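Undergrad: Here it is: the structure, laid out below.
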Amino acid sequence: MHLSYDDQRIKDINNRVLAFNNGSSLMLGKVNKDKQDGKYYFITNNHVVNNNNTIETPW
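Numbered continuously in this note's numbering, the sequence shown closes out at residue 59.
So, in structure tokens, the structure goes:
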């Protein structure tokens with residue numbers, strides 16, 4: 001996405017994206033409304049088969 005793109009919906013999504021080694025993740029939201037509870041729902045693609053660069057023979 002170009003840096004000059006000014007859409008609040010895209011900015012909100014970009015603020016929720018996390019990068020991991022060999023994958024990425026997106027924060028969907030809090031588990032509950034308790035401000036003291038730090039649990040969030042995430043989705044990730046880290047489980048994708050053959051997505052680990054340390055495996056030389058994935059079969």
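The beta-carbon is built from N, C-alpha and C at its ideal position, and this holds for glycine as well.
Keep in mind that this is a model prediction, so the values were computed, not measured.
If we ignore side chains and look at the alpha-carbon of each, how far apart do residue 43 and residue 7 end up?
TA: Taking the sequence shown and counting its residues from 1, one reaches residue 43 at position 43. Taking the sequence shown and counting its residues from 1, one reaches residue 7 at position 7. The alpha-carbon atoms of residue 43 and residue 7 are separated by roughly 23 Å.
Undergrad: Would you grab the beta carbon distance between residue 29 and residue 45 for me? Rounded to a whole angstrom, and I think it's under 8 Å.
TA: The count along the sequence shown starts at 1 and reaches residue 29 at position 29. The count along the sequence shown starts at 1 and reaches residue 45 at position 45. Incorrect: roughly 18 Å between the Cβ atoms, too far for contact.
Undergrad: Sort 34, 41 and 27 by Cα distance to residue 12 and report the nearest one.
TA: What you label residue 12 is simply residue 12 of the sequence shown in a count that begins at 1. If we check each option's Cα against that of residue 12, 27 comes out closest.
Undergrad: Distance, Cα to Cα, residue 15 vs residue 35?
TA: Here residue 15 refers to the residue found at position 15 when the sequence shown is read from its first residue. Here residue 35 refers to the residue found at position 35 when the sequence shown is read from its first residue. Roughly 19 Å between the two C-alpha positions.
Undergrad: Return helix, strand or coil for residue 11, following the three-state DSSP convention.
TA: Taking the sequence shown and counting its residues from 1, one reaches residue 11 at position 11. In this structure, residue 11 counts as helix in the three-state DSSP scheme.
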